[in-house]
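Each residue of the sequence shown is one higher than the last, beginning at 147 in my numbering. Below you'll find the structure, written out as structure tokens, and then a few comments.
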Amino acid sequence: MPAPQDRPERWPAETVGYPYDGGGWVVRLREDRVRRPGPGEEEPFTRLVVEHPGAVIVLALDDRDRVLCVWQYRHAVSATLVQLPAGLCDVEGEPIVEVARRELVEETGYEAAEWSHLASTYSSPGFSSEQSHFFLARDLREVGRGDFTPEHEEAEMELGWVPFADLHAAVLAGRLADAHLAAAVLLAAARGEVRGFPRAGHVAE
Numbered sequence: 147m148p149a150p151q152d153r154p155e156r157w158p159a160e161t162v163g164y165p166y167d168g169g170g171w172v173v174r175l176r177e178d179r180v181r182r183p184g185p186g187e188e189e190p191f192t193r194l195v196v197e198h199p200g201a202v203i204v205l206a207l208d209d210r211d212r213v214l215c216v217w218q219y220r221h222a223v224s225a226t227l228v229q230l231p232a233g234l235c236d237v238e239g240e241p242i243v244e245v246a247r248r249e250l251v252e253e254t255g256y257e258a259a260e261w262s263h264l265a266s267t268y269s270s271p272g273f274s275s276e277q278s279h280f281f282l283a284r285d286l287r288e289v290g291r292g293d294f295t296p297e298h299e300e301a302e303m304e305l306g307w308v309p310f311a312d313l314h315a316a317v318l319a320g321r322l323a324d325a326h327l328a329a330a331v332l333l334a335a336a337r338g339e340v341r342g343f344p345r346a347g348h349v350a351e
């Protein structure tokens with residue numbers, strides 16, 4: 147059997163309109179009438195799609211294998227979540243690694259000299275086009291936020307360093323619920339990017 151792989155595909159669809167056009171923000175709600183391909187006269191069905199520009203998530207590690215985390219209030223779930231520095235791909239044409247560099251500085255005041263791409267995933271493809279791009283950042287140095295001024299939830303955001311092993315254990319124990327944080331931590335561990343976590347499928351030396 148060949149290795150599993152997603153395939154691009156586009157079913158016939160007519161866009162009916164935009165029940166929510168973004169109101170000046172970056173997301174829009176689109177209404178489509180979709181037809182299932184193939185023979186037959188099946189009636190089209192409605193799907194609502196949240197158009198989203200995508201996001202970057204940064205797992206920033208220092209030389210002690212501590213992760214730079216943020217504690218941020220998220221209104222939709224009525225909780226302050228432990229998360230990773232992240233941000234929207236809202237500048238057209240900007241390479242995603244440059245988005246990651248910019249967001250790390252703006253949210254934390256740190257920059258990184260070493261970057262590696264862990265994965266890109268769809269966050270919730272049942273209704274959203276959002277694609278999340280995960281990066282591992284190393285060789286950090288504090289540079290300040292420049293002229294960036296946080297507001298709204300970001301104005302109350304807290305920063306802190308958490309040992310990677312503690313973060314990994316908290317994800318596995320279900321104490322941390324942010325999907326982006328969990329995915330980044332598990333990806334880094336499975337790829338053997340952190341000392342003490344051998345690459346999945348390999349025996350530790």
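All C-beta atoms, glycine included, are put in the ideal place defined by N, C-alpha and C. Since the model is a prediction, treat every value here as computed from it, not as a measurement.
Please go through the same chain and pick out, in chain order, the residues whose beta-carbon is closer than 6 Å to the beta-carbon of residue i, but skip the five residues on each side of it.
i	result
G168	R174
E260	R284, D285
T226	W217, Y219
Y164	R174, R176
S274	V196, H198
S262	L282
Please determine, among the options, the residue with the shortest C-alpha to C-alpha distance to residue i.
i	options	result
S269	Y166, R153, E197, Y164	E197
L194	V223, Y256, T161, P185	T161
V317	D285, R179, V237, A335	A335
P190	R220, D211, A159	A159
P231	P241, R247, V172	R247
A265	G239, H326, S224	H326
G290	A258, E187, F343	A258
R212	A346, V331, G347	V331
From the DSSP secondary-structure annotation, give me the bridge partner or partners of residue i.
i	result
G255	Paired residue(s): none; G255 is not in a bridge.
Q218	L227
D178	T161, R193
T295	In the DSSP output, where bridge partners are listed per residue, T295 has none listed.
G169	Its beta-bridge partners do not exist; DSSP assigns none.
Who are the Cβ neighbours of residue i in its own chain at under 7 Å, not counting the five residues just before and after it?
i	result
F343	A335
E351	Reliability fails at E351, whose pLDDT of 41 lies under 50, so the model's placement of it is uncertain and no value is given.
A329	T267, F280
V172	P199, L234, D236
Give a yes or no on contact between the region 279-289 and the region 203-215, applying the rule of three or more CB pairs nearer than 8 Å.
-> yes
At least three beta-carbon pairs within less than 8 Å, the region 303-319 to the region 210-229 | yes
Contact between the region 235-244 and the region 337-348: three or more CB pairs below 8 Å?
-> no
Beta strand (DSSP E) runs wholly inside the region 235-288, at least 3 long, in chain order = 256-268, 277-288
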